[in-house]
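Data block below; observations after.
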DNA sequence: GTTGACGTCTCAAATTATGAGACGCTATTC
DNA sequence: GAATAGCGTCTCATAATTTGAGACGTCAAC
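Protein chains in written order, with my numbering: chain A, 135 to 349; chain B, 135 to 349.
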């Protein structure tokens, strides 16, 4: 595995190791094999990452992700409170519509899913928290590119993934800037080719309530 | 600031920078001042961390925590599903008892708070998600040290923090090993000096339901 | 117009990180 | 029971990376 990402070798190698461990607990030997790094190097970097609580040792000696990531995730500026505030609104929206809902924020030229409420259907769109998707396709992307007016929704049908349709609306701060996109998504067969028409009202209601609870 | 933690200089310096940024967005100059590192070094490490999406640049040019921590937090082995499963149980427990509840997991000689449901009281115990506390004091610590039997609760009064009392019970896996501690906590004035007597039943009920929903 | 502080960049020098190989332990095989 | 293989851990001479002084451009303040 070519571990070069940034040109700072130790950071590149360390996060190559962390990426392996993020897929599940692994032995030192497995990390050596998967990263292609020298065994002494992997060992030394694992010890250092362990001291920083980015990696931990499970009872059977395997290396696993450390809990420090949990704390760091909650320290992302402004995200913690937004996520906590948004969760009940997404649950309620999914309960009302019967379809999964997601909240996205913009990260450079991508969007990141930060809250998810999944529907009970056996067939449902799965977007895990932390997933990074393009801004170029999907209704949430257009919303986060600031291409909508307040009170307006965007729908997309089969843009990001075949058979899936979605509708999104912007979540704005008190100052009016777009801070997130709230989406409803599901299979076209169920949400129809006009999810905007079908879900605009509950979606915009949820946006209004979320904006109110953010202050 | 002495950045040495593990002896691997680049990791130590990088996480000194990340710790500063975790306290809120900062300029390069502020990071130089707070870490005591050379400006060129901070700049170079910030660019590398940015490429790894551990740091991002906000609109006004400040360095902020990157969203990759959100994804990594959700990839901590087994934690994501446990946290999702636990959340409604903690909300319900807090609703029933009127006091805040928390779920802890063990991390070496510490415990980490992974789910929180806060009560509505103006006076309530605040334990943020990600907080790391000792195993030596507090009811959850004793539980995670595997010092309790199934169906038993542990209470503590003023041990970890003056004026606060808590009661905890072990959450066990299907194989019977302790995987977490569910706690109720609040001011002594309200939860009394015998929180175990007062809350054992709803706490153990919540534990049973949580264990059932974990599989 | 001048000055100071900021972020960005370069590259010679300084320092750290690397990795080959040794070691001890444990499980497996004969 | 002995031999072997593979694991994790550790050392240190060498290789490679990282560092940081200083130059540069930009912008705001005076």
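All C-beta atoms in this analysis are idealised placements derived from N, C-alpha and C, irrespective of residue type, glycine included.
Just so it is clear, the structure is predicted and the values come from calculations on it, not from any experiment.
Here residue 209 of chain A is buried, its C-beta having at least 16 other C-beta atoms within 10 Å. DSSP, reduced to helix, strand and coil, places residue 336 of chain B within a helical segment of the structure shown.
For residue 171 of chain B, there is no enclosing beta strand (DSSP E), as DSSP marks it with neither H nor E. The straight-line gap separating the alpha-carbon atoms of residue 194 of chain B and residue 175 of chain B is approximately 22 Å. Secondary structure of residue 185 of chain A (DSSP, three-state): helix. Here residue 288 of chain B is near residue 273 of chain B, since their CB atoms are less than 9 Å apart. CA-CA distance, residue 331 of chain A to residue 261 of chain A, rounds to 23 Å.
Straight across, the Cα-Cα distance linking residue 137 of chain A with residue 276 of chain A is about 33 Å. The beta carbon of residue 154 of chain B is closer than 7 Å to those of 160, 165, 168, 169 in its chain, skipping five residues each way along the sequence. Using beta-carbon distances, residue 206 of chain A counts as an interface residue toward chain B, with a partner under 9 Å.
Taking CB atoms only, residue 142 of chain B has a neighbour in chain A less than 9 Å away. Between the stretch 291 to 300 of chain A and the stretch 319 to 328 of chain A, the count of C-beta pairs closer than 8 Å reaches three or more; the two stretches touch.
At a beta-carbon threshold of 7 Å, none of the residues of chain A lie near residue 138 of chain B; the nearest stands roughly 10 Å away. As the crow flies, the alpha-carbon of residue 196 of chain B is around 25 Å from that of residue 263 of chain A. In this structure, residue 140 of chain A lies away from residue 236 of chain A, with their beta-carbon atoms at least 9 Å apart. Per the coordinates, the alpha-carbon of residue 243 of chain B lies some 25 Å from the alpha-carbon of residue 348 of chain B. What residue 203 of chain B touches in chain A, judged by beta-carbon distance under 7 Å, is 203, 206, 207, 210, going in chain order. The stretch 272 to 323 of chain B is shown to contain whole alpha helix (DSSP H) runs of 4 or more residues at 273 to 278, in chain order. For residue 135 of chain A, the number of other beta carbons within 10 angstroms of its own is below 16, and it is reported as exposed.
With a threshold of 9 Å between beta carbons, residue 145 of chain A makes contact with chain B.
When only Cα atoms are considered, residue 310 of chain A and residue 179 of chain A end up about 45 Å apart. DSSP lists A:244 as the beta-bridge partner residues of residue 268 of chain A.
In the DSSP assignment, residue 328 of chain B falls outside any beta strand (DSSP E) and carries neither an H nor an E.
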